[in-house]
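> After the structure tokens below, expect a handful of questions from me.
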Amino acid sequence: MGGCAGSRRRFSDSEGEETVPEPRLPLLDHQGAHWKNAVGFCPRVLVSGICAAGSFVLVAFSHSVGTSLCGVVFASISSGLGEVTFLSLTAFYPRAVISWWSSGTGGAGLLGALSYLGLTQAGLSPQQTLLSMLGIPALLLASYFLLLTSPEAQDPGGEEEAESAARQPLIRTEAPESKPGSSSSLSLRERWTVFKGLLWYIVPLVVVYFAEYFINQGLFELLFFWNTSLSHAQQYRWYQMLYQAGVFASRSSLRCCRIRFTWALALLQ
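Heads up, the sequence shown stops at 269 in the working numbering, and the numbers go up one at a time, no gaps.
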């Protein structure tokens with residue numbers, strides 16, 4: 001139970017299958033990857049939880065715009081750091097965990113928007129609602145440090161061979177393979193070649209994230225319908241809930257269908 005072996009934690013799937021985690025972390029030997037990430041995951045999860053709790057407290061007791069913005073910054077740090085940390089942890093899990101991570105990030109947004117909407121509609125003040133959500137960061141830390149168990153020892157027989165066979169180099173060269181533990185670096189020209197090959201995926205992601213934050217922070221505040229029973233603040237909360245519902249549906253669709261033309265999704269948003 002518990003401990004800081006974050007890189008070695010995993011969920012046991014419902015069928016009890018033991019599959020080789022894909023994708024593996026490249027350019028690191030097996031023990032080096034575990035040690036390096038085991039050192040970094042625990043502090044990152046702890047910082048993420050503390051920043052989440054701090055954001056709730058700052059905004060709840062804020063009496064100025066500056067303090068509220070500081071709370072927003074803490075919330076952004078918690079969200080961004082948490083997503084990157086748990087995404088990197090999927091390298092040690094079965095392949096299906098990535099889809100669960102994607103669905104979970106969408107569900108977190110929907111749960112947050114829906115709970116805030118429901119509690120405020122029930123009569124709680126925004127301050128009371130934010131303070132009631134302090135249990136969420138505590139639940140995050142308890143889940144990571146107490147509920148997640150260390151995986152069973154991997155079978156060394158044939159695993160390294162299968163792992164090396166599954167890896168594909170970024171740039172194919174005629175140079176002999178480097179020995180384990182030796183360091184190799186790409187030249188500036190080779191890095192540019194790799195970067196150009198990734199532009200097909202980077203550009204749609206940049207467009208989607210820009211559109212997402214532009215819609216949430218730049219458009220929703222300006223939308224307001226007169227002659228309705230909802231105030232401007234209430235309409236904004238409903239906008240957020242409906243938007244997060246769409247995000248949850250899209251991020252949960254990975255197991256249902258695969259769309260290879262990612263640029264189409266960027267244009268759609």
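We put the CB at the ideal spot given by N, CA and C, even for glycine.
Everything numeric in this text was worked out from a predicted model, so none of it was measured.
Could you spell out where the alpha helix (DSSP H) holding L117 opens and where it closes?
If you number the sequence shown from 1, residue 117 lands on position 117. V97 to Q121 is the span of the alpha helix (DSSP H), which, as asked, contains L117.
> Rounded to the nearest angstrom, what separates L223 and R237 at their Cα positions?
Here the question's residue 223 lines up with position 223 in the sequence shown. Here the question's residue 237 lines up with position 237 in the sequence shown. Spanning the two alpha carbons is a distance of roughly 12 Å.
> Less than 8 Å separating the beta-carbons of G49 and L147?
Within the sequence shown, numbered from 1, the residue matching residue 49 stands at position 49. Within the sequence shown, numbered from 1, the residue matching residue 147 stands at position 147. No, they are not a contact pair.
> Do L110 and Q244 have their C-beta atoms closer together than 8 Å?
Counting from one through the sequence shown, the residue named residue 110 turns up at place 110. Counting from one through the sequence shown, the residue named residue 244 turns up at place 244. A contact, by the Cβ cut-off of 8 Å.
> Measure from the alpha carbon of C42 to the alpha carbon of each residue in F145, L188 and F61, then state which is nearest.
Position 42 of the sequence shown holds residue 42. Answer by Cα proximity: F145.
> For L198, count neighbouring C-beta atoms within 10 Å of its own C-beta (all shown protein chains included) and say buried if the count is 16 or more, exposed if not.
In the sequence shown, the residue the question calls residue 198 occupies position 198. Under this definition L198 is an exposed residue.
> I need the straight-line Cα distance from T228 to L117, nearest angstrom please.
Counting from 1 along the sequence shown, the entry for residue 228 is found at position 228. Counting from 1 along the sequence shown, the entry for residue 117 is found at position 117. Each residue's alpha carbon lies about 17 Å from the other.
> Are there 16 or more other CB atoms within 10 angstroms of the CB of V65, so buried, or fewer, so exposed?
Taking the first residue of the sequence shown as 1, we reach residue 65 at position 65. V65 comes out exposed.
> What residue range does the alpha helix (DSSP H) around R255 cover?
To locate residue 255, count along the sequence shown from 1; it is residue 255. No alpha helix (DSSP H) holds R255; DSSP gives it neither H nor E.
> Enumerated in chain order, which unbroken segments of the alpha helix (DSSP H) with a length of 4 residues or greater are wholly contained in the region 188 to 249?
Taking 4 residues as the minimum length, the alpha helix (DSSP H) runs contained wholly in the region 188 to 249 are 188 to 214, in order along the chain.
> Excluding sequence positions up to five away, which residues of its chain have a Cβ less than 6 Å from the Cβ of Q46?
The residue given as residue 46 occupies position 46 in the sequence shown. Note on residue identity: the sequence assigns Leu, not Gln, to residue 46. Excluding positions up to five away in sequence, the list is empty.
> Given a cut-off of 8 Å, decide if S55 and F74 are closer than it, judged by their beta-carbon atoms.
On the sequence shown, position 74 is the one that residue 74 refers to. On the sequence shown, position 55 is the one that residue 55 refers to. Yes, the Cβ-Cβ distance between F74 and S55 is below 8 Å.
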